[in-house]
Amino acid sequence: MNTPQLFALTGALLFGVTATSAAASATPTSLHPRAVSVLAVVSPQGDKKEADASAKKTPPKDDPKITELLKDLKKIARGKADGDSEGARLLDELASKYDGLNNKQQRAVAKGAGDVFDTARRKTDEVVLYLSAGEALSRFGEYGASELAKAIGKNKFGKKDWSTMRSQLVRMLGRPAVKKYIDTLLDIALKDNDDQARAKAGEALGYYAHYDQNVRKNIFEKLVKSLEESYAMSKSNTDPNDLQREVWVQRYAAIQDPWMKTMGKLTGQSIKDVQEWTKWWNEHKRSNWDKEGFRGATPKGDDSK
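In terms of numbering that gives the first Met the number 0, the sequence shown opens at residue 0 and continues consecutively.
Structure below.
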């Protein structure tokens with residue numbers, strides 16, 4: 000049905016305007032004023048747009064099961080480690096529901112998962128619940144990243160016995176690829192006392208491969224310069240009794256592979272030698288990486304540039 004026919008039908012049905020006189024006009028201004036006011040009602044396209052807009056504005060209602068799941072999780076965290084497998088299941092269920100929750104409940108879920116690191120009293124060989132909480136938080140965007148950053152900074156996890164678990168949390172912090180935590184990860188990669196944490200921080204920065212070239216260049220430059228320094232210091236003295244040299248040898252061994260993989264993701268290159276990486280950087284640091292195609296795989300949609 001064309002527009003004049005639609006006007007005619009509207010007038011005839013609602014206001015007694017004859018189909019002939021209404022159809023003869025090509026504009027809605029000739030219709031009765033009340034007829035004009037209802038045209039939007041009979042426009043399927045208008046209805047769809049309004050419905051879509053309404054759906055976007057209306058947040059989901061609270062999921063009543065979330066409160067129950069968080070309560071059960073807190074109970075398990077306060078208990079002994081033999082219940083941690085159930086805690087891991089609860090965290091996985093919360094993660095599966097997260098994207099469909101409203102903002103208030105998303106915050107509550109992230110906080111509930113983050114509270115595990117404070118509430119649970121576990122030994123170094125009882126890390127299932129901690130790692131499950133970290134895995135869930137890594138899927139909760141900025142709210143999850145905030146809780147992960149807090150956990151990484153806890154004094155308890157800074158002790159040597161917790162090195163392996165803390166380094167895994169560092170890696171998980173990169174997964175949401177929240178821009179504000181780039182500096183946190185770079186600080187760990189370049190300055191942390193634990194080489195495992197340095198390695199995982201460098202690996203975590205690979206999740207930022209979808210960001211614009213300025214962000215990627217900043218990350219790359221800091222990694223390649225630090226990697227080159229570690230390599231040079233590890234080769235600076237051949238005395239096997241030089242303890243300082245041994246520190247650099249161990250550090251370079253820990254970071255070279257994960258860092259080079261990240262550098263490859265940031266640039267789309269597949270170089271395996273640190274000196275070749277340094278050469279590549281010197282040749283291309285002023286290039287337009289996006290125009291040149293110096294970009295790796297995109298791990299996720301970029302919603303934070």
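Ideal placement from N, C-alpha and C gives every residue a C-beta, glycine not left out.
Boundaries of the alpha helix (DSSP H) harbouring residue 163: 162–173, taken from the DSSP string. When 247, 271, 249 are compared, the shortest CA-CA separation from residue 258 is found for 271. Three or more Cβ pairs closer than 8 Å define a contact, and the segment 121–134 meets that threshold against the segment 83–91. Assignment of residue 58 by DSSP, reduced to helix, strand and coil, places it in the coil class. The DSSP-derived three-state label of residue 237 is coil. Listed in chain order, the alpha helix (DSSP H) runs fully inside the segment 194–222 are 194–203, counting runs of at least 4 residues. The segment 259–284 contains, as complete alpha helix (DSSP H) runs of 4+ residues, the segments 273–283 (chain order).
Residue 123 carries a coil assignment under DSSP once its states are collapsed to helix, strand and coil. Contact between residue 180 and residue 148 holds, with the beta-carbon distance rounding to 6 Å and staying under 8 Å. Nearest in C-alpha terms to residue 71, of all of 114, 122, 228, 100, is 114. For residue 91, the enclosing alpha helix (DSSP H) stretches over residues 83–97.
In the three-state reduction of the DSSP assignment, residue 102 falls in the helix class, which pools H, G and I.
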